[in-house]
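Structure record follows, encoded as structure tokens.
Residue numbers (our numbering): 123 to 290.
In structure tokens, the structure reads:
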């Protein structure tokens, strides 16, 4: 498995108001380019799944949410040791067992799920996994797959997927 090790800094995207780690252009090229799914370890902290997002000039970034920054004890400007490995998982995120069980039982839902783009699949996986309770994960999985089955023709609608009305 390919492994990439480099030093970087914690920076902040002012427009998006989020923190990130810059991945230099030479590393981006060696890794496989923008959009590549990875397992990232920052310093000696637990690894997490991520993807490379274009930053400009061939460089990319890996976003770090506030909770991860806090748990890693990091702040803006800190130098960090970054260890990246290619993510070999099917979806680039761990699928909650509740969603996996539903997809195994619902053939139509599973077929529709597999027709989605990688990002749309990850959105569903992420949305289901963001609650702690197994019962709520089941409720979210059922809602997402039910709404996927009733998706109207035309462009994909995240609003429909989460049960919100269309925008006027």
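Glycine included, C-beta positions come from ideal geometry on N, C-alpha and C.
Buried/exposed call for residue i, threshold 16 Cβ in 10 Å
| i | result |
| --- | --- |
| residue 231 | buried |
| residue 131 | exposed |
| residue 249 | buried |
| residue 259 | buried |
| residue 235 | buried |
| residue 173 | buried |
| residue 182 | buried |
| residue 196 | buried |
| residue 263 | buried |
| residue 138 | exposed |
Candidates the options: closest to residue i by CA position
| i | options | result |
| --- | --- | --- |
| residue 146 | 165, 138, 184 and 170 | 184 |
| residue 244 | 188, 259, 217 and 229 | 217 |
| residue 176 | 268, 161, 144 and 199 | 144 |
| residue 178 | 234, 242 and 135 | 135 |
| residue 64 | 212, 214, 261 and 207 | This structure leaves residue 64 out entirely; the chain is present only between 123 and 290. |
| residue 124 | 133, 150, 138 and 142 | 150 |
| residue 224 | 210, 242, 206 and 246 | 246 |
| residue 267 | 233, 276 and 165 | 233 |
| residue 160 | 127, 206 and 181 | 206 |
| residue 157 | 201, 208, 191 and 170 | 208 |
| residue 171 | 152, 140 and 214 | 214 |
| residue 126 | 163, 139, 141 and 137 | 163 |
| residue 241 | 253, 279, 257 and 264 | 279 |
| residue 155 | 284, 180, 168 and 188 | 180 |
Element boundaries [beta strand (DSSP E), containing residue i]
| i | result |
| --- | --- |
| residue 125 | 125-135 |
| residue 161 | 159-164 |
| residue 175 | 175-178 |
Those residues which DSSP pairs with residue i across a bridge
| i | result |
| --- | --- |
| residue 140 | 135 |
| residue 171 | 161 |
Residue span of the alpha helix (DSSP H) that contains residue i, given as start and end
| i | result |
| --- | --- |
| residue 316 | Because the chain here runs from 123 to 290, residue 316 falls outside it and cannot be looked at. |
| residue 149 | 147-153 |
| residue 280 | 280-283 |
Whole alpha helix (DSSP H) elements within the segment 180-245, 4-residue minimum: 188-194, 219-227 and 229-237
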